[in-house]
């Protein structure tokens, strides 16, 4: 695979920025404006892929032909999708729910390149200490 001179990261996430920077690849951040609501009946895998693609498309509309990487992550606890906490209180409540329990983390990744689109979903399990 030929690597681009510059990769566009379609994300406002400081963690994604840090992860990509740790690889040493040159990149620029372009924050997409995307409604991150899952659709009714959509599986977590489908939602992660659709949203990562929507983020890449939103940035790609302004930078056609560019290399763009986007991702969407969701946490599942007992099959329930836990949304992004909107406050410190919600964040604390979510951590307390996860404490001592195993949960799944799904991340959908989309890569746009001049030669096409590649998508993957990765699932990992984690357990918070009680």
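Numbering (this note's numbering), first residue to last: 5 to 134. Even glycine gets a Cβ: it sits at the ideal position worked out from N, Cα and C.
If the criterion is Cβ atoms closer than 7 Å, does the pair residue i and residue j meet it?
i: residue 125; j: residue 57; result: no
i: residue 98; j: residue 86; result: yes
i: residue 75; j: residue 35; result: no
i: residue 70; j: residue 12; result: yes
i: residue 104; j: residue 134; result: yes
i: residue 80; j: residue 108; result: yes
DSSP three-state label for residue i, please.
i: residue 9; result: coil
i: residue 133; result: coil
Please return the same chain residues whose Cβ sits closer than 8 Å to the Cβ of residue i, not counting the five positions on each side in sequence.
i: residue 30; result: 9, 10, 11
i: residue 123; result: 53, 56, 57, 112, 113, 114, 115
Cutting at 7 Å between CB atoms, please list the residues of its own chain near residue i, excluding the five before and the five after it.
i: residue 93; result: none
i: residue 78; result: 48, 51, 52, 85, 110
i: residue 89; result: 95, 98
Quick test of your reading: residue i and residue j, contact by CB under 8 Å. State the CB separation rounded to the nearest angstrom.
i: residue 33; j: residue 19; result: Not quite, the Cβ-Cβ distance comes to about 12 Å (not below 8 Å), so this is no contact.
i: residue 62; j: residue 38; result: 5 Å
i: residue 15; j: residue 59; result: 7 Å
Between which residues of its own chain and residue i is the CB-CB distance below 6 Å, once the five residues before and five after are set aside?
i: residue 102; result: 132
i: residue 106; result: 129, 131
Check your understanding: Fully enclosed by the region 16-90, which beta strand (DSSP E) runs are 3 residues long or longer?
Key -> 31-33, 71-81, 84-86
Exercise for review: Counting only runs of 3+ residues fully inside the region 87-127, write out the beta strand (DSSP E) ranges in chain order.
Suggested key: 106-117
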